[in-house]
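Read through the structure below, which is laid out as structure tokens, and then see the notes.
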Amino acid sequence: MTQVAEPEAAQRYMGQGLLRKEDPELLTGHGRFIDDIALPGMAWMAVARSPVAHANITSIDTSAAKQMPGVLAVFTGEELASEWAAGLPCAWPIGSRTLPEDVTRDPRIPDHWPLAKDRVRYQGDGVAVVVADSRAHAKDALEAIDVDYEDLPVVTDMEEALKEGTPVIHEHFGDNEAYVWSLASGEVDKVFSEAPVVVKERYYHPRLIPNAIEPRGVVVQPNPAMGEYTVWSATQIPHILKLLLALTLNIPETKVRVIAPEVGGGFGSKLNVYAEEALALALARRLGVPVKWVEERSEGYLATIHGRDVIQEMEVAATEEGKLLGVRVNLYADFGAYLQLVTPGIPLLGGFLYHGVYDCQAYSFTCTGVFTNKTPTDAYRGAGRPEATYAIERIMDALAKRVGKDPAEVRELNFYAPFTEPKEVVTGLQFDSGNYHASLDKAKQLVGYDELRAEQARRREQGNPDGRLLGIGISTYIEMCGLAPSQTLAALKYGAGGWESATVRCHPTGKVTVVTGTSPHGQGHVTTWSQIAADALGVSPDDVEVLHGDTAVSPLGMDTYGSRSVAVGGTALYKAAEKIRAKARKIAAHELEVAEDDLEWKDGKFQVAGAPDKAKTIPEVAFSAWTAHSLPADVEPGLEATAVYDPPNFTFPSGAHICVVEVDADTGLTRIRKYVAVDDCGTVVNPLIVEGQVHGGVAQGIAEALYEEALYDENGTLVTGNMSTYRIPSAAELPGFQLDRTETPSTTNPMGVKGIGEAGTIAAPPAVLNAVADAVSAVGVEFIDLPASAERVWRAIQDARGGSPGARTVEAGETGASSMTPEADGQSGPASSEGGVR
Ligand code: MCN
Numbered sequence: 058m059t060q061v062a063e064p065e066a067a068q069r070y071m072g073q074g075l076l077r078k079e080d081p082e083l084l085t086g087h088g089r090f091i092d093d094i095a096l097p098g099m100a101w102m103a104v105a106r107s108p109v110a111h112a113n114i115t116s117i118d119t120s121a122a123k124q125m126p127g128v129l130a131v132f133t134g135e136e137l138a139s140e141w142a143a144g145l146p147c148a149w150p151i152g153s154r155t156l157p158e159d160v161t162r163d164p165r166i167p168d169h170w171p172l173a174k175d176r177v178r179y180q181g182d183g184v185a186v187v188v189a190d191s192r193a194h195a196k197d198a199l200e201a202i203d204v205d206y207e208d209l210p211v212v213t214d215m216e217e218a219l220k221e222g223t224p225v226i227h228e229h230f231g232d233n234e235a236y237v238w239s240l241a242s243g244e245v246d247k248v249f250s251e252a253p254v255v256v257k258e259r260y261y262h263p264r265l266i267p268n269a270i271e272p273r274g275v276v277v278q279p280n281p282a283m284g285e286y287t288v289w290s291a292t293q294i295p296h297i298l299k300l301l302l303a304l305t306l307n308i309p310e311t312k313v314r315v316i317a318p319e320v321g322g323g324f325g326s327k328l329n330v331y332a333e334e335a336l337a338l339a340l341a342r343r344l345g346v347p348v349k350w351v352e353e354r355s356e357g358y359l360a361t362i363h364g365r366d367v368i369q370e371m372e373v374a375a376t377e378e379g380k381l382l383g384v385r386v387n388l389y390a391d392f393g394a395y396l397q398l399v400t401p402g403i404p405l406l407g408g409f410l411y412h413g414v415y416d417c418q419a420y421s422f423t424c425t426g427v428f429t430n431k432t433p434t435d436a437y438r439g440a441g442r443p444e445a446t447y448a449i450e451r452i453m454d455a456l457a458k459r460v461g462k463d464p465a466e467v468r469e470l471n472f473y474a475p476f477t478e479p480k481e482v483v484t485g486l487q488f489d490s491g492n493y494h495a496s497l498d499k500a501k502q503l504v505g506y507d508e509l510r511a512e513q514a515r516r517r518e519q520g521n522p523d524g525r526l527l528g529i530g531i532s533t534y535i536e537m538c539g540l541a542p543s544q545t546l547a548a549l550k551y552g553a554g555g556w557e558s559a560t561v562r563c564h565p566t567g568k569v570t571v572v573t574g575t576s577p578h579g580q581g582h583v584t585t586w587s588q589i590a591a592d593a594l595g596v597s598p599d600d601v602e603v604l605h606g607d608t609a610v611s612p613l614g615m616d617t618y619g620s621r622s623v624a625v626g627g628t629a630l631y632k633a634a635e636k637i638r639a640k641a642r643k644i645a646a647h648e649l650e651v652a653e654d655d656l657e658w659k660d661g662k663f664q665v666a667g668a669p670d671k672a673k674t675i676p677e678v679a680f681s682a683w684t685a686h687s688l689p690a691d692v693e694p695g696l697e698a699t700a701v702y703d704p705p706n707f708t709f710p711s712g713a714h715i716c717v718v719e720v721d722a723d724t725g726l727t728r729i730r731k732y733v734a735v736d737d738c739g740t741v742v743n744p745l746i747v748e749g750q751v752h753g754g755v756a757q758g759i760a761e762a763l764y765e766e767a768l769y770d771e772n773g774t775l776v777t778g779n780m781s782t783y784r785i786p787s788a789a790e791l792p793g794f795q796l797d798r799t800e801t802p803s804t805t806n807p808m809g810v811k812g813i814g815e816a817g818t819i820a821a822p823p824a825v826l827n828a829v830a831d832a833v834s835a836v837g838v839e840f841i842d843l844p845a846s847a848e849r850v851w852r853a854i855q856d857a858r859g860g861s862p863g864a865r866t867v868e869a870g871e872t873g874a875s876s877m878t879p880e881a882d883g884q885s886g887p888a889s890s891e892g893g894v895r
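Note that this note's numbering has the sequence shown beginning at 58, numbered continuously upward.
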């Protein structure tokens, strides 16, 4: 366990797997979520949504709906137009970079109103809103709204969308290109033209639908006399939401309070400012009553952002030995119909990392963002980094195959040597610290890599008599989190800062309150923040209360996303505690009648050097600071401090995941036999919570690898619009994971911590796909892409074996998206053997 950087701090709780303080309330049903909120006189909101993907609205008749029982009001987009000072915000308009040859075009940000006014652009676009005395009455009234649509041609395929002559979704832009953004370093063309080995592959990363257990929801309570509003929202970002709702609705920011109560998961999907949040606030203002909306699951599949949906043309140049020379990436990102809060920036989060943990001299990345008639995409766990990791980790296997080496060997050949000081890499980033050999060594050892390869060779020699194909897949990933410093974010045109705040309040009874600007929604900040505070102040974690998620209680915050919270918010807390100790030291010295320098902070208290029985604890000092009976002349009463921390750099967690699969050659069904994850998130605050984060992340990554894919038909109808058609694995489909860690402390912050919240989701998909590809290579399959569903694998095997009636070839680079229906992909035939998959 790495020691806290503060040399005199006693470390007692950091590194311990304390049980989560959050859990008793949640497990006994006492957690208060949005749907638990009921206010006197509260009305319910329901949104009428377009059933078609692209159409002009020629008329909306709400007269019958207004007559329905319990209905208070019905409004169309036109009727609410005066409520908005601005459309729904896109806060990351990304900066323009012009490398090479003028291939950059700044993003076009379309107007995005909470309700469409004259045209709908995706199935689920809101067209009208009902407010009624109950949820059932509001829903019933939706049925009575009569909308006439004049259908327009629909574009769901991002490559089609870019072709000349394709219908344009936002006509005034002239075409469907949202932007082109590029980044280059080194002599890319020269490296590629001279390299003895060039490997090129094309990957499609499917569109994913987030499935947090709690759907989205919002309640707004107006105080008409004061012009004030309290907004409860199932959000990850109460602070950002408050600011942006105030701007969108032209309400003074000081009159809006946002509370994120218990939030049942978000995975990026609640990192947004949604139409329903703006609508509920506008309606509460207009009608003067509290307004509540809670999303239904199938509604959420249309109205909550989707993730991923990118085509990646990935190329690497290398020597005959497999030493990487250059990486060239051409990416197409399907943004759907509008740009949500940070949509344009998501590909950039991967754009700097397509070389992974491998040293190379030339790099080029170009991303073209595309509008289509689909739900907007935005941040979904990993956000850009799973895409980059997938591409580089898949192609490292292809490179290994090409140069005739083991995938582990090629990786080891290309790893950066271990480093403990920041290292500048080809994209200009400064990796904070890393030891990639150590995590792969450990993972190989844990999984029994050499034995598995020997077993694989043996089984192949015998012709795999049981029909089960053994595959081993490696993913040695890196990611970046805790985006900072704020000046760097400015250069990328990110609309907010990268800092975080914490306030520590030491009460006279010895109890401590920590107020944090982070907004946990499952990550356990109450527990880990208590551990950090306890060590820094010499108290028990049980004596620490952590307050979060309410802009009136913690006014200064940048919220929780991008695995930033411990590296930025945890460090802010660490720094606030340092301020407390600095003040407490003065008081303790005064009371003990010694010089400050004579005191040492040891075992959680100030002790007089050489006379340890003369000591003061922080609780004792807090009491003295409260009575203020005998304070030094220059010291104010009270023991409270705030720190706002803007880190000097990102943190770069990394690790090695190895997946072992057996693919049934007759059905295409993949069974994960073993999954080993060795992650390096620097110093660990709470190993139990870190393991939980990896568990959840890996499960999500396996789901992405084997099951999940949002599919649209040619009319732009989401055909995987509910949980029976969009396949989410249950625990039954997942193996036990074997987890371990290496610890390479970050140089970015004094605790040495790096993030862990997204690591599993980033690492797992290529580990699984490399394993499946390795398995089916034994029967001649050259390429397999996401998701490796039983049917897709079965068809690839049939094709490699020379075809079978009705077999559909899966080719390298097939986008596989819009033409496939769930019936055609995994709900029948071979995939029926998937049994428990919902
Ligand atoms: N931690 C630790 N030691 C470390 C790193 C982290 O003990 N070296 C602890 C932290 O103190 C914190 C937890 O692990 O309690 C996660 O910390 P961090 O990596 O900083 O991530 P965030 O708290 O910022 O969470 C965001 C991240 C993201 S981006 C997504 S998406 C995600 C995730 O967390 N969504 C989640 N994990 C989730 N977990 C749940 N249950 N629900 C979600 O929606």
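C-beta: ideal position from N, C-alpha, C; glycine also. The model shown is predicted, which means the values in this text are computed figures rather than measured ones.
Given a cut-off of 8 angstroms, decide if residue j and residue i are closer than it, judged by their beta-carbon atoms.
i      : j      : result
Gly364 : Leu265 : yes
Val212 : Asn430 : yes
Thr400 : Asp435 : yes
Thr584 : Arg77  : yes
Met896 : Ala198 : The structure shown does not extend to residue 896, since the chain is modelled only from 58 to 895, so the question has no answer here.
Leu503 : Asp797 : yes
Leu381 : Asp416 : yes
Ser532 : Asn827 : yes
Val850 : Gly725 : yes
Leu486 : Phe422 : no
Val248 : Gln369 : no
Gly753 : Ala816 : no
Gly357 : Ser620 : no
Val483 : Ser107 : no
Val718 : Ala734 : no
What are the boundary residues of the beta strand (DSSP E) that residue i is part of?
i      : result
Ala668 : Ala668 to Thr674
Arg106 : Ala100 to Arg106
Trp350 : Val348 to Val351
Lys568 : Taken as a continuous stretch (DSSP letters only), Lys568 belongs to no beta strand (DSSP E), as it is neither H nor E.
Pro263 : Val254 to Leu265
Phe132 : Val128 to Thr133
Do residue i and ligand 1 come close, with the Cβ less than 7 angstroms from some heavy atom?
i      : result
Pro598 : no
His262 : no
Lys568 : no
Lys632 : no
Lys78  : no
Val742 : yes
Ser897 : There is no way to answer for residue 897, as the model of the chain reaches only from 58 to 895.
Gly364 : no
Gln580 : yes
Thr617 : yes
Thr361 : no
Ser558 : no
Glu815 : yes
Which residue comes first and which comes last in the alpha helix (DSSP H) that contains residue i?
i      : result
Ala218 : Met215 to Leu219
Lys632 : Thr628 to Leu649
Val751 : Pro744 to Leu763
Would you call the segment 626 to 634 in contact with the segment 569 to 584, where contact means no fewer than 3 C-beta pairs closer than 8 angstroms?
yes
Say whether the segment 350 to 362 touches the segment 269 to 281, bearing in mind that this needs 3 or more beta-carbon pairs closer than 8 angstroms, one atom from each stretch.
yes
Is there contact between the segment 170 to 177 and the segment 112 to 121, where contact requires at least three CB pairs shorter than 8 angstroms?
yes
Do three or more CB pairs link the segment 101 to 109 to the segment 184 to 191 at distances below 8 angstroms?
yes
Within 8 angstroms, do at least three Cβ pairs link the segment 818 to 836 to the segment 524 to 540?
yes
Okay, do the segment 839 to 859 and the segment 537 to 545 touch, 3+ Cβ pairs below 8 angstroms being the bar?
no
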